[in-house]
Amino acid sequence: MEKFPHIPIEIHENDLNNGALRILKVIRPRWQPKMIEFKLLTDGITNKLVKCRLEGEKEENSVLVRVYGHKTDLLIDRKAETRYESLVLPKEQLRKEIEYLKENLTQINSPVVFCHNDLLLGNVICTDDESSVVFIDYEYAAYNYQAFDIGNHFNEFVGIEPDTIDYSKYPSKELQYDWLKTYLLEFKNTDSVKDEDIYKLYIQVNKFSLTSHLFWGIWALIQAEHSYIDFDFIKYGAIRINEYLAKKEDFLNLDGNETSS
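When the letters of the sequence shown are read in order and numbered with the working numbering, they come out as residues 13 to 273.
Now the structure itself:
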């Protein structure tokens, strides 16, 4: 596995451009200082992100320099950077993954319904007596595949803060069966559902959960470029894309031969 070099350089947050320039002299020695454009992308409490771009170069050739801490520590070190070594797939690979999912998921015939599309736990509100549930924040609401909305909701069981996300909290098959049975009873407005219908939805939901990982992973990378919110979008994107890669084979290989939990 290729290792990232360790560059022992410290940058003061009140002198970001000159500090970034010291790094560029090491990693981009051919860049002429007078031709370099600096843009502050984030100016949060815990970190700052500066984009360095050579005049006339494409955006994808830019260099990002992140400064951590309240005071004066820029760390480009092996331990920090290799946490993301499997993060950012090249754009062409991301496109291939999207097409691969499209090819697989269009075959499973999940119904198109009106979806919330962002059912993280904070958007699900229960009354004190737990007699009813309402959803809030319909920013992403639109027609979508039924299985995406459910799979996305199951993914949110693990949390959203990058430092506390725990995929052991992804709902077990038993819990999913109970949840999906209750859902189908309401969706079909019936008193009973067949085991094969529950398992069919179980397959669809877990396959579409992969789409959720890829969608929010790419979303996070875009946010890292444009958002001013103090949130580690890069780390979050890494987690989502890596979980997609980890689960892709298992979930896409689910079939309809099993009908019970």
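Beta carbons: idealized from backbone N, C-alpha and C, even for Gly. Being a predicted model, the structure only gives us computed values, none of them experimental.
Residue from the options whose Cα sits closest to the Cα of residue i
i	options	result
Ile110	Ile253, Leu196, Val145, Ile210	Ile253
Asn26	Val62, Gln235, Trp43, Ile39	Val62
Arg40	Ile215, Lys60, Arg65	Arg65
Asp242	Ile21, Glu22, Leu53, Gln44	Leu53
Glu67	Gln44, Lys60, Leu197	Gln44
Ile251	Leu33, Asn167, Lys46	Asn167
Val124	Glu104, Phe199, Leu33, Arg42	Phe199
Lys114	Leu222, Leu266, Trp228	Leu222
Asn135	Arg42, Leu33, Gly171	Gly171
Lys185	Leu266, His24, Pro102, Asp140	Leu266
Ile23	Lys60, Tyr179, Lys46, Lys51	Lys60
Residue i and residue j closer than 8 Å at C-beta
i	j	result
Tyr248	Ala258	no
Ile35	Val77	yes
Ile230	Leu117	no
Leu28	Val75	no
C-alpha distance - residue i paired with residue j, whole-angstrom precision
i	j	result
Gly31	Ile48	13 Å
Phe126	Asn156	6 Å
Thr194	Ile234	36 Å
His238	Pro174	19 Å
Tyr112	Asn218	16 Å
Tyr211	Val205	11 Å
Ile177	Tyr256	14 Å
Glu71	His225	25 Å
Glu261	Ile148	33 Å
Thr202	Leu196	8 Å
Ser143	Leu187	20 Å
His165	Glu208	22 Å
Ile21	Trp228	33 Å
Glu69	Tyr179	40 Å
Lys51	Lys108	31 Å
Asn73	Asp190	49 Å
Contacts around residue i, its chain only, beta-carbon distance under 8 Å, and the 5 residues preceding and following it disregarded
i	result
Phe169	Leu133, Lys181, Tyr182, Pro183
Ile120	Ala159, Ile215, Gln216, Lys219
Leu192	Ile162, Ile210, Leu213, Tyr214, Val217
Phe263	Asn218, Lys219, Ser221, Leu222
Glu104	none
Leu101	Glu109, Ile253
Same chain, Cβ closer than 6 Å to residue i, five either side skipped, listed in chain order
i	result
Ala236	Phe245, Ile246
Gly56	Only weak support is given to the placement of Gly56: the predicted model assigns it a pLDDT of 49, under 50, and the value that follows is read from those uncertain coordinates. The residues are Asp242.
Ser122	Tyr157, Gln158, Ala159, Gln216
Neighbourhood of residue i by C-beta distance below 7 Å, restricted to the same chain and skipping five residues each side
i	result
Cys138	Val145
Val38	Ile19
### Message
Three or more C-beta pairs under 8 Å: does that hold for the segment 149–159 against the segment 118–138?
### Response
They touch, by the three-pair rule.
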